[in-house]
Amino acid sequence: MSANNTPVKHLIDEAARLVVDKNMIRWDKAFWVDAFNSAVRAILAIRSDALTANEDFVCVEGSTQTIPVGARFVVDVLRNKGGAAISGNVDLKMLDDYRPEWRSEPLGSAAKAWLYDDRNPTTFYMYPPVVSGTTIECVFAKVPTPITESDYDSETKCELNPMYDNAIIEWLVYRAFSEDAEFTANAARATTALNAFRTMLGDKSQADSIVQQKSADIKNQPR
379 MSANNTPVKH LIDEAARLVV DKNMIRWDKA FWVDAFNSAV RAILAIRSDA LTANEDFVCV
439 EGSTQTIPVG ARFVVDVLRN KGGAAISGNV DLKMLDDYRP EWRSEPLGSA AKAWLYDDRN
499 PTTFYMYPPV VSGTTIECVF AKVPTPITES DYDSETKCEL NPMYDNAIIE WLVYRAFSED
559 AEFTANAARA TTALNAFRTM LGDKSQADSI VQQKSADIKN QPR
């Protein structure tokens, strides 16, 4: 988590200000804490890579590896610790079809490639199969840590990058007005906030796609 991340309290207080309840009379602290946790989950449902961490991972013997506790799936495998980069994500089915016996090949002390099937997010594979204790540098998507009321009081920082702050606030506003959705005005406000939340994350996804495409174009340029 970056030192620049925004304290949870600041995000909740801004949402409370927007719904004209700065003293948390209509919506209490417990409500806002629950709504904040649901905001993070909602963002991760759309932007699964919004919460990641670089970690050293110690492999077990063989090709099949299981992600560590606290991880959701593998984003990338970067390199052998202190050594060469690892290629990938290589198409698992293609390698299975091309070299069906690859999992039983001699063990290596370093990986050359990694493989992953998103239908089985807790497992990834090393090629060639590696000896026990081989250490690799990975990027994992992480499970968020739910906040509590004490986190609000102690100004614990939000785990997500500040680029998601506005989306979190819109979700909080949406949740608050949804509580009073029997009133037409509040139902409309809830819908407006939810649409703003979706638009923000949609625009972020579109911008990322453009950057990724430009990066791919640069890599594919003849040298």
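Sequential numbering from 379 applies to the sequence shown in the numbering used here.
The beta-carbon is built from N, C-alpha and C at its ideal position, and this holds for glycine as well.
Cβ-Cβ distance between residue i and residue j below 7 Å
| i | j | result |
| --- | --- | --- |
| W492 | V455 | yes |
| I525 | A417 | no |
| A428 | W549 | no |
| L572 | Y552 | yes |
| C536 | F435 | no |
| Y602 | N467 | The displayed coordinates of the chain run from 379 to 601. Any statement about residue 602 would go beyond what the structure contains. |
| W405 | A554 | yes |
| A413 | M402 | no |
Coil, strand or helix - residue i by DSSP
| i | result |
| --- | --- |
| T570 | helix |
| K400 | coil |
| D434 | strand |
| T526 | coil |
| V521 | coil |
| T442 | strand |
| E515 | strand |
| V386 | helix |
Cα-Cα separation between residue i and residue j, rounded to whole angstroms
| i | j | result |
| --- | --- | --- |
| S528 | K407 | 10 Å |
| A519 | N432 | 9 Å |
| V386 | V438 | 38 Å |
| R567 | V398 | 13 Å |
| R457 | T444 | 17 Å |
| R425 | V508 | 32 Å |
| Y505 | K490 | 6 Å |
| T569 | S510 | 53 Å |
| S487 | K400 | 59 Å |
| A381 | F575 | 25 Å |
| P540 | S556 | 25 Å |
| L470 | G580 | 30 Å |
| I390 | A462 | 45 Å |
| I464 | L485 | 16 Å |
Close Cβ partners of residue i (< 6 Å) along its chain, the five nearest in sequence each way excluded
| i | result |
| --- | --- |
| V521 | G448 and R450 |
| S441 | R481, Y503, M504 and P507 |
Contacting residues, own chain, Cβ-Cβ under 7 Å from residue i (five flanking each side not counted)
| i | result |
| --- | --- |
| V452 | I445, Y494, F502, C516 and F518 |
| T500 | T444 and I445 |
| E392 | I547 |
Same chain, Cβ closer than 8 Å to residue i, five either side skipped, listed in chain order
| i | result |
| --- | --- |
| D343 | Missing from the structure shown is residue 343; the chain here goes from 379 to 601 and no further. |
| N383 | K535, C536, E537, L538, N539 and P540 |
- Task: Kindly provide the ranges of any beta strand (DSSP E) runs that are 3 or more residues long and lie completely inside the segment 447-513, ordered along the chain.
- Result: Within the segment 447-513, the complete beta strand (DSSP E) runs of at least 3 residues are 449-458, 465-468, 491-494 and 501-508.
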